[in-house]
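Worksheet: the structure to be examined is printed underneath.
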Amino acid sequence: MALAGETVRPNSLEPVGDYVTSTDVAGAIIALLLAERLRYRHYNIGSGGTSTIGDIIGWAKERAPSLQVEVSPAETANVIQDLSLKDGMWGAYDIARIARDTGWQPRSARQSFHDYMDWIVENENQSEGK
């Protein structure tokens, strides 16, 4: 939305989540598959921290400074989040097990988001040239 010049209308800036990209999830799965020894049956894969919708919008503004944001009621919002998620559904996922047993670490949520925005720009430019 930021790259398309659309106004972002979240119903709140406060809800949080533990956001991780598919590429980081894939890296975690590969790390688990290649590990010499796993000590647990279950491993959390996540960022290990929480970010608010406000954080994400702020990161978007770093790449698209003209981004317009209007906190709006749910009826007119184009980004709708559960307002009860002030600490995340389960908070930040504890990724200590996977880090300890495989050495895997996700990229920061901010860096992952910027990388995604860069990917969108690169791929839109490629498809426009065809």
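Heads up, the sequence shown is in the working numbering, so the first residue is 2 and it goes up one at a time. Every residue, glycine too, gets a C-beta built ideally from N, C-alpha and C.
Here residue 103 carries a helix assignment [DSSP, helix/strand/coil].
8 Å or more divides the Cβ of residue 124 from the Cβ of residue 75.
Setting aside the 5 residues that flank it on each side, residue 29 is surrounded in the same chain by 46, 99 and 105, each with a C-beta closer than 7 Å to its C-beta; the list follows chain order. Comparing alpha carbon positions, the residue from 36, 40, 17 and 57 closest to residue 116 is 57. Each of 51, 25 and 67 was checked against the Cα of residue 9, and the nearest Cα belongs to 67. Per DSSP, the beta-bridge partners of residue 11 are 80.
Between residue 121 and residue 4 the beta-carbon gap is near 6 Å, inside 8 Å, which marks them as a contact.
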